[in-house]
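In full-length UniProt numbering, the protein residues as written are 1 to 215. Ideal Cβ positions, reconstructed from N, Cα and C, are used throughout, including at glycine.
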Ligand SMILES: Cc1cc2nc3c(=O)[nH]c(=O)nc-3n(C[C@H](O)[C@H](O)[C@H](O)COP(=O)(O)O)c2cc1C
């Protein structure tokens, strides 16, 4: 696996996958981001602001190659490749990723097959992080979401940074999960300059994205 990036040149892309703004997942992600060293670049993309077209499986059609992505897909591809760290901030929906987050990951399959992009090779060595909120008190209910992300990271030769889980149903409720709030403040701080994180955090600006910068 490619060596992880040094903290001095890290660029974090926060991908917000909730179907509502300023929900619990976003709250946790923003608390975590606030603890990043000032020089670390941060970009935020709300996936619902940059809707992707339905994913088409063209792997076995003709050459199996995909055309150059355009529009929001192009922007998301460029933002993804520009980042050293991808923070997938998806709420738990039906024990898994939100639809917009899953669709974004499905498009990775297309981007892997766009001639000249070398998506898989360029993803290797980046670090993936997970932030999620769930209304269940049983954190294990998020295992499918975390397993999906960990497996995706592994498939692309990415490092696993760590996961932050928070309990909440209505927006703002995660503020009552003190363990999650504590985890948010330490999620990125535990990464040494040379070593990616590897744990799940208990309980547990800004750069301008090529797609859509949000506050
Ligand atoms: C479509 C949908 C599916 C959900 N599925 C689950 C679930 O499987 N398990 C769970 O604990 N909570 C589930 N919830 C509750 C959300 O995870 C919870 O409200 C969370 O705080 C939403 O995150 P957000 O505030 O960042 O939008 C679901 C909510 C919605 C809207």
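Below 8 Å on the Cβ atoms is my contact criterion, and I expect residue 17 with residue 90 to pass it. Report the Cβ-Cβ distance as a whole number of Å. 4 Å
Nonlocal neighbours in the same chain, by C-beta distance under 8 Å from residue 31, ignoring five residues either side: 181, 184 and 185
Check whether the Cβ atoms of residue 72 and residue 51 lie closer than 8 Å to each other. yes
Let me check understanding here. Comparing Cα to Cα, which of 189, 165, 15 and 171 lies closest to residue 75? 15
Does DSSP put residue 111 in a helix, in a strand, or in coil? Helix.
What do you get for residue 222, buried or exposed, if any count of 16 or more other CB atoms within 10 angstroms of its CB means buried? Since the first and last residues shown for the chain are 1 and 215, residue 222 lies out of range.
Measure the alpha-carbon distance for residue 114 versus residue 39 and round it to whole angstroms. 33 Å
Limits of the beta strand (DSSP E) - the one that residue 20 falls within: Boundaries cannot be given for residue 20, as no beta strand (DSSP E) includes it and DSSP labels it neither H nor E.
Is any heavy atom of ligand 1 found at a distance shorter than 7 Å from the C-beta of residue 48? No, the Cβ of residue 48 stays beyond 7 Å of every heavy atom of ligand 1.
What's the call for residue 24, buried or exposed, on a 16-neighbour Cβ count within 10 Å? buried
Going by C-alpha to C-alpha distance, which of 88, 66 and 125 sits closest to residue 158? 125
Beta carbon of residue 299: closer than 7 Å to some heavy atom of ligand 1? Because the chain spans 1 through 215 in this model, residue 299 falls outside it and cannot be assessed.
If you measure from the CB of residue 139, is any heavy atom of ligand 1 nearer than 7 Å? no
Rounding to the nearest angstrom, what Cα-Cα distance links residue 70 and residue 86 in this structure? About 21 Å.
At which residues does the beta strand (DSSP E) containing residue 14 begin and terminate? 11-16
On the DSSP letters alone, give me the boundaries of the alpha helix (DSSP H) that residue 147 sits inside. Residues 143-155.
Say the cut is 7 Å; is the CB of residue 168 nearer than that to a heavy atom of ligand 1? yes
For residue 47 and residue 178, what's the separation of their Cα atoms in angstroms? 27 Å
Quick one: what's got a C-beta closer than 6 Å to residue 135's C-beta in the same chain, skipping five residues either side? 169
Closest by C-alpha distance to residue 131, when choosing among 188, 37, 9 and 65: 188
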